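Per my numbering, residue 46 is the first one in the sequence shown, and the count goes up by one each step.
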Amino acid sequence: AEEALAATPPGRGGPSCRPQLRVRPVMLPVKSTSVVDVQGYWQSWVARWHQALRHCQGVAELSYILLATWDLVCSLPVSVYSLRFALNLSRVLLRPLFMHIVPICQAMALGVLTVHWLWNRRSVPRCPHRIGLANLDGELLLCGLAGAFELVWPVAVPLGLLALSNFLFIWVTFVKPAAVSRGGTSDARGGVWHAADGGVPPALGSRGLTTAMLIALDCAVLMAPIMAIYGVVAELLACWNVMLRGNQFKYITATKATSLAEDYGSTAEAEQKLLPEKTA
């Protein structure tokens, strides 16, 4: 950026800070599945625990990002800053913050408030049960923003969005490509990738209905106890490990169900196309 600024002719505005090299993700031709260990059911849960710890270890990246951002702000001249640069930089800073820090703070605060709400017979002291337009001021407004009037909505709305996003992800990635591949339409694509539907059995002739019912069961019953261990506890342990050891941890790979089969997704099909034909 400094070299580009020095090369600018006199009288012209400074160049915006846009990198010439842009890194974009390249999706692999396989679909990720759940962790399944060959040693059995309970060992699979242990393997999922190691996977959760490994993912939560990404909280260490936040300190490196903050350090690199501070060094960037202190090094670049003001003339190279732009709105595009500020937006991209804010995205880099906010993503790990929203993934690792905000969920833990929100879960703890909402958990304490829920216990306090239940202890006081489903009400918060000095906060009304309902709110109207006439009392949107002072402490009443603060109680309303904290979800003290009705603790169902601060949980129900994010939970509904979570269920919807999971359904759309499974539908777009697994169910819909497999349905198009089986339908034999003009836009149908062959291959192992499109045919892999995740093993979703149809309910009343609809795989979408099965997916919706499974996601509803997960979000309503199973998500809270599982996320308490594999989400909150794993994230707190990762933060503790970062505080004591930095980014040093034991990396344990996860065993996927696809790696246990002889035909590993679309990899086997790719190998058949790349291997030369044998001649007699």
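In this text, a Cβ means the ideal position worked out from N, Cα and C, and glycines have one as well.
From a predicted model like this one, the values you see are computed outputs, not experimental measurements.
Query, Result
"CB contact flag (Pro199, Leu155, <9 Å)", "yes"
"Closest Cα partner of Val80 within the set Ala224, Val68 and His95", "His95"
"Reduced DSSP category for Val169 - H, G, I as helix; E, B as strand; rest coil", "coil"
"Rounded Cβ spacing between Val240 and Phe219 (contact assumed at less than 8 Å)", "It is Ala, not Val, that sits at residue 240 in the sequence shown. In fact, because the Cβ distance is near 10 Å, the residues do not count as touching under 8 Å."
"Neighbour-count burial assignment, His145, 16 or more Cβ in a 10 Å radius", "buried"
"Presumed contact (8 Å Cβ cut-off) between Arg99 and Ile271, rounded CB distance", "Contact flag wrong, Cβ pair sits at about 17 Å."
"Run of the alpha helix (DSSP H) containing Pro141, from where it starts to where it stops", "Leu128 to Pro141"
"Buried/exposed call for Cys101, threshold 16 Cβ in 10 Å", "buried"
"Closest Cα partner of Gly265 within the set Gly205, Arg67 and Gln151", "The sequence shown places Ala at residue 265, rather than the Gly named in the question. Residue Gly205 is the option with its Cα nearest to Ala265."
"Continuous alpha helix (DSSP H) assignments of at least 4 residues falling wholly in the region 86 to 132", "86 to 101 and 105 to 120"
"Rounded straight-line distance, which links the Cα of Arg67 to that of Gly280", "Contrary to the premise, residue 280 reads as Glu rather than Gly in this sequence. For Glu280 and Arg67, the distance between alpha carbons rounds to 31 Å."
"Complete alpha helix (DSSP H) runs within the region 234 to 258 (minimum length 4 residues, chain order)", "237 to 240"
"CA-to-CA distance, Arg252 to Pro246, given in whole angstroms", "6 Å"
"Helix, strand or coil at Val80 [DSSP, three-state]", "strand"
"Pair within 9 Å by beta-carbon distance, Thr114 and Leu142", "no"
"Rounded separation between Pro70 and Leu209 - CA only", "25 Å"
"For Gln151, the three-state DSSP class (helix, strand or coil)", "helix"
"Residue interval of the alpha helix (DSSP H) (run including Asn292)", "First-last for Asn292: undefined, no H or E at that position."
"Val287 burial status per 10 Å Cβ neighbour count (16 or more: buried)", "buried"
"Three-state secondary structure assigned by DSSP to Val277", "helix"
"Local Cβ density within 10 Å of Val104, reported as buried at 16 or more and exposed below that", "buried"
"Three-state secondary structure assigned by DSSP to Pro70", "coil"
"Cα-Cα separation, Ile260 to Met268", "10 Å"
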